[in-house]
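All the letters of the sequence shown, read from the start, carry residue numbers 970 to 1507 under this note's numbering. Here the structure is laid out as structure tokens; the discussion comes afterwards.
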Amino acid sequence: MTTAPTATPADREGHLAASGPIQGAATFWELIERRADRSPQARMLVDEQDRELTYGELRDAASSTAAGLAELGVGPGSAVSWQMPSTIDTVVVMAALCRLGALQNPIIHLYREREVGFALTQTGATHLIVPGVWRGVDYVDLARRACGTNRDLPVIVDLSAGHPCGDPAALPRPPAAAASDDEAPVRWIFYTSGTSADPKGVCHTDRTLIAAGWGLVVASGNGPDDVGTIAFPIAHIGGVDALASMLMIGSSAVMVEAFDPSTTIPLLRRHGVTRFGGGPAFYLACLAEQRKNPGQPILPALRSMSGGGAPKPPQLHFEVRDEIGGRGITHGYGMTEVPMIASGRVDDSDEQLAYSDGAPVEGALIRIARPDGTDAAVMEEGEIRVKGPMVFRGYTDAALTAEAFDADGWFRTGDLGRLRPDGHVQLTGRLKDVIIRKGENISAKEVEDLLYTHPAVADVAVFGVPDPARGEMVCAVVECKPGAGLTFEEMTTFLRGAGLMVQKIPEMLEVRSGLPRNATGKIQKKDLRAEYVARLTD
């Protein structure tokens, strides 16, 4: 890891000539070694303090850290949880655990004692790696309190004083690659909240995540000269997905601990970011900053914005294209269980980028199933089901795994959508996000997409709340643009004028200064709905 100046143009030219997409890696460590051998001097990451990490330095720092962790008892198959921010140090720890062949359990930094304790117990973690105090939270103290719920207490590794270091020469050979995808061991467990009371542990192998990363590489069209961003939590599945794709193509990224538009966007501009990764909340934040200085591009080198995590309103693509610049939004579709399912591409039409969630990525198979399990027709709504090498290996709870796959082995995403005649996927909502009002199904997403086009609306969440007369009634919670407002009458008039049938128009409206979001910026509808249900039942 260095604080050296950015590589010279000659260094860059040498890198571009020597590099190219890496295919066929069976483990993350193989991917790291092959990239380091091919372009050791190429910059991989730069952070907010202008610290840089090259691909060669990643391999070397990870080897030293792996030797230090081995002295603490971490070895092949050891279950290691870590709750770390999005920093270069965290990427080194991830790579070190890959070198050792450990089972990694990344934990989002927002999780607290209950969720952390649950993950430690279910994974059987022998070690928990934390950053000390970060952004006002003492993660060592949090870890101790979380560990208090466990019989077999893990070793707490506090990185505030630096990484454990050792002699790489003392390390055994890297774990051998499995003979096939089916035989590959689980090396990653990510937790996702979903709709269950407890988080669900999602099991991945190196191969499933590498397959997802390759799908992103092909869909994005990114090359070694691209500069991306890692502005979302590195412990999220999207963090590993981004790192895998970078290792394959040898590109670089700006790493941000916590996204703050007022400071992050100038940083990205200074480093010439060409591809901005995130999700709708990040797109909206960038738009808000751009509107403070119309006509002066906040990211002049931008080629496109991309991301996922939540469906985007169609109008958002046109706003980004026309106001910020570049191709607009090449939005993707994925989830913790299947990191890459579909993605838009820069050569897609504006209609495809705005009104679909992209075509299936390489290796992904998609079918749309009717409620009886039969195949839906083109443009017929049904549940999206997926097969492919990027599909996870099951949950830590076997009962949940059995429910997640149909009799033919297709993963049931729980998302509703359509396959268009052009082969693109169009998300229409969630199976559990359908509002049933007087026996009629109402898509929350349809109402949200229309409300988003209102000039006063910055973001919106629509959901159903129980009602004795209707079964459910439609509730809209709106975040308005600065200085704007929205009344119930203005909302109903607007939606009627947009052609929305009367039965779908919300019966409740509340305007709030902000909407509850998770670590990746996705609106937490479950929390919103619970809040409003509690209000109505008081």
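Note that the Cβ used here is the ideal one computed from N, Cα and C, for glycine as well. Note that the structure is predicted; figures quoted are calculated from it, not measured.
Residue(s) in a DSSP beta bridge with Cys1444: As a working mapping, residue 1444 is identified with position 475 in the sequence shown. Paired residues: Phe1432, Met1477.
Proximity of Ser1055 and Ala1200 at Cβ, strictly below 9 Å: Within the sequence shown, residue 1055 is the residue found at index 86, counting from 1. Within the sequence shown, residue 1200 is the residue found at index 231, counting from 1. Using a Cβ distance threshold of 9 Å, Ser1055 and Ala1200 count as a contacting pair.
Spatial neighbours of Thr1164 in its chain, beta-carbon cut-off 8 Å, leaving aside the 5 residues before and after: Here residue 1164 corresponds to residue number 195 of the sequence shown, with the count starting at 1. Residue confidence for Thr1164 is low, a pLDDT of 47 falling below 50, so the modelled location carries little weight and cannot support an answer.
Status (buried if at least 16 other CB within 10 Å, exposed otherwise) for Asp1341: Taking the sequence shown and counting its residues from 1, one reaches residue 1341 at position 372. With fewer than 16 Cβ atoms within 10 Å of its Cβ, Asp1341 is classed as exposed.
Span of the beta strand (DSSP E) around Ile1158: Taking the sequence shown and counting its residues from 1, one reaches residue 1158 at position 189. Segment 1155-1161, the beta strand (DSSP E) holding Ile1158.
Terminal residues of the beta strand (DSSP E) in which Gly1386 lies: Here residue 1386 refers to the residue found at position 417 when the sequence shown is read from its first residue. It spans 1380-1388 - the beta strand (DSSP E) in which Gly1386 sits, taken as one unbroken run.
Bridge partners - Ile1405, DSSP secondary structure assignment: As a first step, residue 1405 is located in the sequence shown; it is residue number 436 there, counting from the start. Paired residue(s): Asn1410.
Spatial distance of Ala1467 from Pro1475 (CA atoms): What you label residue 1467 is simply residue 498 of the sequence shown in a count that begins at 1. What you label residue 1475 is simply residue 506 of the sequence shown in a count that begins at 1. When rounded, the distance between both Cα atoms is 14 Å.
Simplified DSSP assignment, three categories, for Asp1418: Position 449 of the sequence shown, counting from 1, holds the residue named residue 1418. DSSP places Asp1418 in helix when its eight states are reduced to three.
Backbone secondary structure at Ala1112 - three-state DSSP: Here residue 1112 refers to the residue found at position 143 when the sequence shown is read from its first residue. Helix.
Alpha carbon of Leu1216 to alpha carbon of Asp1151, nearest angstrom: One-based indexing of the sequence shown puts residue 1216 at position 247. One-based indexing of the sequence shown puts residue 1151 at position 182. Using only the alpha carbons, I get a separation of about 23 Å.
Anticipated Cβ contact below 8 Å, Ala1094 with Val1061, distance rounded: Here residue 1094 is taken as the residue at index 125 of the sequence shown, counted from 1. Here residue 1061 is taken as the residue at index 92 of the sequence shown, counted from 1. Their Cβ separation, rounded to whole angstroms, is 20 Å, which puts Ala1094 and Val1061 out of contact at 8 Å.
Three-state class that DSSP yields for His1096 in the structure shown: The residue labelled residue 1096 in the question sits at position 127 within the sequence shown. Strand.
Bounding residues of the beta strand (DSSP E) (the contiguous stretch that carries Asp1127): As a position in the sequence shown, residue 1127 is number 158, starting the count at 1. Segment 1124-1127, the beta strand (DSSP E) holding Asp1127.
For Tyr1024, three-class secondary structure by DSSP: Translated into the one-based positions of the sequence shown, residue 1024 becomes position 55. In the structure shown, Tyr1024 sits in a helix (DSSP, three-state: H, G or I).
Beta-carbon spacing of Ala1065, Ala1035 below 9 Å: Indexing the sequence shown from 1 puts residue 1065 at position 96. Indexing the sequence shown from 1 puts residue 1035 at position 66. Taking 9 Å as the Cβ cut-off, Ala1065 and Ala1035 qualify as a contacting pair.
Of the residues Ala1323, Arg1339, Gly1313, Thr1343, the one placed nearest Pro1329, counting alpha carbons only: By 1-based counting over the sequence shown, the position of residue 1329 is 360. It is Gly1313 whose Cα lies nearest to the Cα of Pro1329.
Gly1070, buried or exposed, once every other Cβ within 10 Å from all chains shown has been counted against 16: The residue you call residue 1070 lines up with position 101 of the sequence shown. Counting Cβ neighbours within 10 Å, Gly1070 comes out buried, since at least 16 surround it.
Contact belief for Ala1453 with Val1416 at Cβ below 8 Å, rounded distance in angstroms: Stepping through the sequence shown from its first residue, residue 1453 is reached at position 484. Stepping through the sequence shown from its first residue, residue 1416 is reached at position 447. 19 Å between Cβ atoms; not a contact.
With 16 other Cβ atoms within 10 Å as the buried cut-off, status of Ala1376: As a first step, residue 1376 is located in the sequence shown; it is residue number 407 there, counting from the start. By the Cβ-count criterion, Ala1376 is exposed, with fewer than 16 other Cβ atoms from all chains shown falling within 10 Å of its own Cβ.
Alpha-carbon spacing of Val1171 relative to Met1304, whole angstroms: The sequence position of residue 1171 within the sequence shown is 202, counting from 1. The sequence position of residue 1304 within the sequence shown is 335, counting from 1. So the two alpha carbons sit approximately 10 Å from each other.
C-alpha gap between Gln1265 and Ala1227, whole angstroms: For the purposes of this step, residue 1265 is taken as residue 296 along the sequence shown, with counting starting at 1. For the purposes of this step, residue 1227 is taken as residue 258 along the sequence shown, with counting starting at 1. Cα to Cα, the separation comes out at about 24 Å.
Segment limits, alpha helix (DSSP H) that includes Val1060: As a working mapping, residue 1060 is identified with position 91 in the sequence shown. DSSP places Val1060 inside the alpha helix (DSSP H), whose first and last residues are 1057-1069.
Inter-stretch contact (C-beta, 8 Å, three-pair minimum) for the segment 1286-1296 and the segment 1356-1375: no
Residues near Ala1048 by beta carbon distance below 7 Å, same chain, minus five either side: Translated into positions along the sequence shown, residue 1048 becomes position 79. Residues Leu1072, Asn1074, Thr1092, Gly1093, Ala1094, Thr1095 of the same chain have their beta carbon placed closer than 7 Å to that of Ala1048, with the five preceding and five following residues left out of the count.
Cβ neighbours of Thr1365 in the same chain (closer than 6 Å, five flanking residues each side left out): One-based indexing of the sequence shown puts residue 1365 at position 396. Cβ neighbours of Thr1365 beyond the five flanking positions: Gln1091, Gly1170.
Beta-bridge partners of Lys1491, as assigned by DSSP: Start at 1 with the first residue of the sequence shown, and residue 1491 comes out as number 522. Lys1491 is not bridged to any residue.
Three-state secondary structure (DSSP) of Ala1035: For the purposes of this step, residue 1035 is taken as residue 66 along the sequence shown, with counting starting at 1. Three-state DSSP puts Ala1035 in a helix.
Classification of Leu1505 by the beta-carbon crowding that lies within 10 angstroms, buried from 16 upward: The count along the sequence shown starts at 1 and reaches residue 1505 at position 536. With fewer than 16 other Cβ atoms within 10 Å, it is exposed.
Reference Thr1462, options Leu1420, Met1013, Lys1281, Gly1131, closest by Cα: Here residue 1462 is taken as the residue at index 493 of the sequence shown, counted from 1. That would be Leu1420, whose Cα lies nearest to the Cα of Thr1462.
Ile1076, enclosing alpha helix (DSSP H) - first and last residue: Start at 1 with the first residue of the sequence shown, and residue 1076 comes out as number 107. Here Ile1076 belongs to no alpha helix (DSSP H), and DSSP marks it neither H nor E.
Anticipated Cβ contact below 8 Å, Met1442 with Arg1406, distance rounded: What you label residue 1442 is simply residue 473 of the sequence shown in a count that begins at 1. What you label residue 1406 is simply residue 437 of the sequence shown in a count that begins at 1. About 6 Å separates the two Cβ atoms, so the contact holds.
When Ala1333, Gly1276, Ala1430, Pro1435 are compared against Thr1177, the one with the closest alpha-carbon: For this step, residue 1177 is matched to residue 208 along the sequence shown. Ranking the options by Cα distance to Thr1177, first place goes to Ala1333.
Close-in-space but distant-in-sequence residues of the same chain around Thr1023 (CB under 7 Å, 5 per side omitted): On the sequence shown, position 54 is the one that residue 1023 refers to. Only Pro1009, Gln1010, Ala1011, Arg1012, Met1013 meet the Cβ criterion.
For Lys1169, the residue or residues it bridges with in DSSP: As a working mapping, residue 1169 is identified with position 200 in the sequence shown. Per DSSP, Thr1161.
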